[in-house]
Amino acid sequence: MNEPRKGTIVVIPAREQSERLPGKPLADIAGKPMVVRVWERASQARGIDRVLVATDSPRIAEVVRAAGGEAVMTSSDCASGTDRCAEAVRGLAGVEVVINVQGDEPLLEPSAVEALARAFEDASVRMATLARPLLAEERENPNVVKVVRDLRGDALYFSRAPIPFARAEGAEPLAHVGLYGYRRDFLEIFAALPPTPLERTERLEQLRALEHGHRIRVLRTDYRSIGVDTPEDLERVRAIFSGSGVSPSRTLV
């Protein structure tokens, strides 16, 4: 198996403000702040040269550094995690590929990061993400984002609606997994693009790239992420860490 390209870094954007779970990155999970759990998992990925947390919070930066991690202070004006990633890597030397790992994924599987990084062995890939098989009970759930791909594996569309419409058997229904990779130069291009109509309609930032005519490579995986967006999500993850919950699938294909 090939290793990811050199000059590949992981950036974990993290901010304290959260509408549904204030102070989320600092929430305790089995004795450690959630952002530290994410940093530890990302640091286990092979072939990654550097893992850093990008934040506008001195408290988050302090706990990351106390755990031995690297934190970069960014502006509080960043409108999205993508903007925070772009700001964090400006001025860094030797960076070719940036993997954006959400700061609310304490059960991140390192092999998912590795698989995403390997997508950039194809010189034509400028942006990439992951998708997994969609469960039948998820089809009508707008919180589970669906994606359809072309024959090359590039995204045709992402939607909260059930796509594709199953008139007959054919394409495998896929759910989007919110990890992203970018070539460094394209990250700057993407962060500077103006918002688009479909992006605003679906409230999906990745549609901005498609509407502006850019391609997104989508790799199929069996990895099922468990993000923390609500107090209930947090308790579920705590139960998994304590051994009383069921962990997600961690197999990539």
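Per my numbering, the very first residue in the sequence shown carries number 290; after that it's consecutive.
Idealized CB from N, CA, C, for every residue including glycine.
Burial state of S413 is exposed, judged by a 10 Å Cβ sphere holding fewer than 16 other Cβ atoms. Annotation for A375: L476, E477 and A480 place their beta carbon closer than 7 Å to its own, counting only its chain and skipping 5 residues before and after. Closest in C-alpha terms to V466, from the list R421, P395, A334 and M416, comes R421.
Looking at the DSSP output, R339 bridges to I298. Beyond the five residues adjoining it in sequence on each side, D338 comes within less than 7 Å, by CB distance, of K295, G296, T297 and I298 in the same chain, given in chain order. One Cα belongs to I388, the other to P486, and the distance between them is close to 26 Å. Exposed is the label assigned to P347, since fewer than 16 other Cβ atoms lie within 10 Å of its Cβ. Straight-line measurement puts the Cα of I505 at about 5 Å from the Cα of M416. Separation of the CB atoms of D345 and S364 is rounded to 6 Å, and the pair is thereby assigned contact status at 8 Å. For A377, the enclosing alpha helix (DSSP H) starts and ends at G370 to V378.
Contact between the segment 424 to 439 and the segment 353 to 372 is not established, with fewer than three Cβ pairs separated by less than 8 Å. The beta-bridge partner set that DSSP reports for A303 consists of T344.
Under the three-state reduction of DSSP, D317 is assigned to strand.
Our two residues, D372 and D393, have alpha carbons roughly 17 Å apart in a direct line. Among the bridge pairs identified by DSSP, G470 is matched with I388 and A417. Taking each of N430, G336, R438 and P431 in turn and checking the Cα distance to T418, the smallest one comes out for R438.
In the structure shown, the three-state DSSP call for L508 is strand. For P395, the closest of I318, P453 and A368 by C-alpha to C-alpha distance is I318. The criterion of a C-beta distance shorter than 7 Å is not satisfied by V434 and A444. With a contact defined as Cβ atoms closer than 8 Å, V327 and L397 qualify at about 6 Å. Residues I298, V299, V300, I301, G358, E359, A360, V361 and A377 of the same chain have their beta carbon placed closer than 8 Å to that of L341, with the five preceding and five following residues left out of the count.
In this structure, the straight-line span from the alpha carbon of N432 to that of G383 is close to 37 Å.
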